[in-house]
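Working notes, structure below.
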Amino acid sequence: MKFTSVFDIIGPVMIGPSSSHTAGAARIGRVARDLFGRQPKWAKIHLYGSFAETYRGHGTDVAIVGGLLDYDTFDDRIKIAFEEAEKVGLEYEFIPETANTEHPNTARLVIGDDEGEMSVVGISIGGGKIEISEVNGFKLRLTGGMPAILVVHDDRAGCIANVANCLAMHEVNIGHMEVSRIERGLTALMVIEIDQNIEDKVLQQISLIPHITKVSKINN
1 MKFTSVFDII GPVMIGPSSS HTAGAARIGR VARDLFGRQP KWAKIHLYGS
51 FAETYRGHGT DVAIVGGLLD YDTFDDRIKI AFEEAEKVGL EYEFIPETAN
101 TEHPNTARLV IGDDEGEMSV VGISIGGGKI EISEVNGFKL RLTGGMPAIL
151 VVHDDRAGCI ANVANCLAMH EVNIGHMEVS RIERGLTALM VIEIDQNIED
201 KVLQQISLIP HITKVSKINN
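For the sequence shown, the residue numbers in the UniProt record's numbering are 1 to 220.
Set out below in structure tokens:
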């Protein structure tokens, strides 16, 4: 196995007790919040596999709620995330599921407010690392280890090139890109991992491109 960082070996700085069940869970919650773009008012948290079996004892529950409050893995407030959620009016519900999933540490977060909702499926793969495997029904692979942009758009010729050109104008380098669509000619999703955090003004320019319907980002 090839390690690219000492943190691949010893894991992230985090609130315990488990890198998979606590740090990974917090990151799933935080990435979901980033993709939603604001503080959600409610969350339905579906847990699968070992998440469903041990979420109370391993702190998966407070970690996910802490992530939804934008707390990082090392934030002491994760321990009191339930109390902090009550202060900001975040209502949450944990739903243990029995269905089989490809990975035992899987969570599906359905979060929303008065303006809309979003569904995110995240997997904690160990050592505090995660993968986001689905957003609103679109299959994808997003690690959360790099800054990223998610662009929802009409499935039209030229959309991908126009977004790439906009990023190039601002000297934003693309590290990885993939496109997912549920059905040809309807709605598609671009997932673009980039080398640096992106300014909001760039997102605003992307949102003005024809056939772009929503843009969100994940900073690192």
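For every residue, glycine included, the Cβ atom is placed at its ideal position computed from N, Cα and C. Because the structure is a prediction, the values reported are computed rather than measured.
Selected residue, minimal CA-CA separation from residue i, among the options
i	options	result
residue 23	206, 131, 202 and 207	131
residue 221	42, 45, 150 and 143	Since the first residue of the chain shown is 1 and the last is 220, residue 221 is not available in this structure.
residue 53	161, 107 and 84	107
residue 99	67, 220 and 50	50
residue 46	34, 60, 160 and 35	60
residue 161	104, 211, 196 and 148	211
residue 129	95, 120, 97 and 143	143
Inter-residue spacing [alpha-carbon to alpha-carbon] between residue i and residue j
i	j	result
residue 64	residue 78	9 angstroms
residue 205	residue 140	24 angstroms
residue 56	residue 93	13 angstroms
residue 155	residue 109	26 angstroms
residue 136	residue 43	14 angstroms
residue 153	residue 76	38 angstroms
residue 71	residue 30	7 angstroms
residue 196	residue 58	33 angstroms
residue 48	residue 62	16 angstroms
residue 84	residue 68	11 angstroms
residue 32	residue 104	19 angstroms
residue 207	residue 148	15 angstroms
residue 164	residue 134	23 angstroms
residue 184	residue 86	43 angstroms
residue 122	residue 218	14 angstroms
residue 125	residue 220	18 angstroms
Residues bridged to residue i (per DSSP)
i	result
residue 117	112
residue 176	193
residue 187	154
residue 181	188
residue 43	92 and 111
residue 106	48 and 123
Contact belief for residue i with residue j at Cβ below 8 angstroms, rounded distance in angstroms
i	j	result
residue 73	residue 27	6 angstroms
residue 209	residue 166	7 angstroms
residue 127	residue 146	About 16 angstroms separates the two Cβ atoms, so there is no contact after all.
residue 180	residue 186	Going by Cβ atoms, the distance from residue 180 to residue 186 rounds to 12 angstroms, so no, they are not a contact pair.
residue 41	residue 89	6 angstroms
residue 199	residue 191	About 19 angstroms separates the two Cβ atoms, so there is no contact after all.
residue 138	residue 182	7 angstroms
Same chain, Cβ closer than 8 angstroms to residue i, five either side skipped, listed in chain order
i	result
residue 202	166, 167, 170 and 172
residue 114	41
residue 95	44, 45, 46 and 47
Same chain only: Cβ atoms within 6 angstroms of residue i, ignoring 5 sequence neighbours per side
i	result
residue 216	35, 37 and 150
residue 66	26, 78 and 81
residue 158	none
residue 119	110 and 136
residue 91	42
Close beta carbons around residue i, own chain, < 7 angstroms, minus the five adjacent residues each side
i	result
residue 101	48 and 49
residue 97	46, 47, 48 and 52
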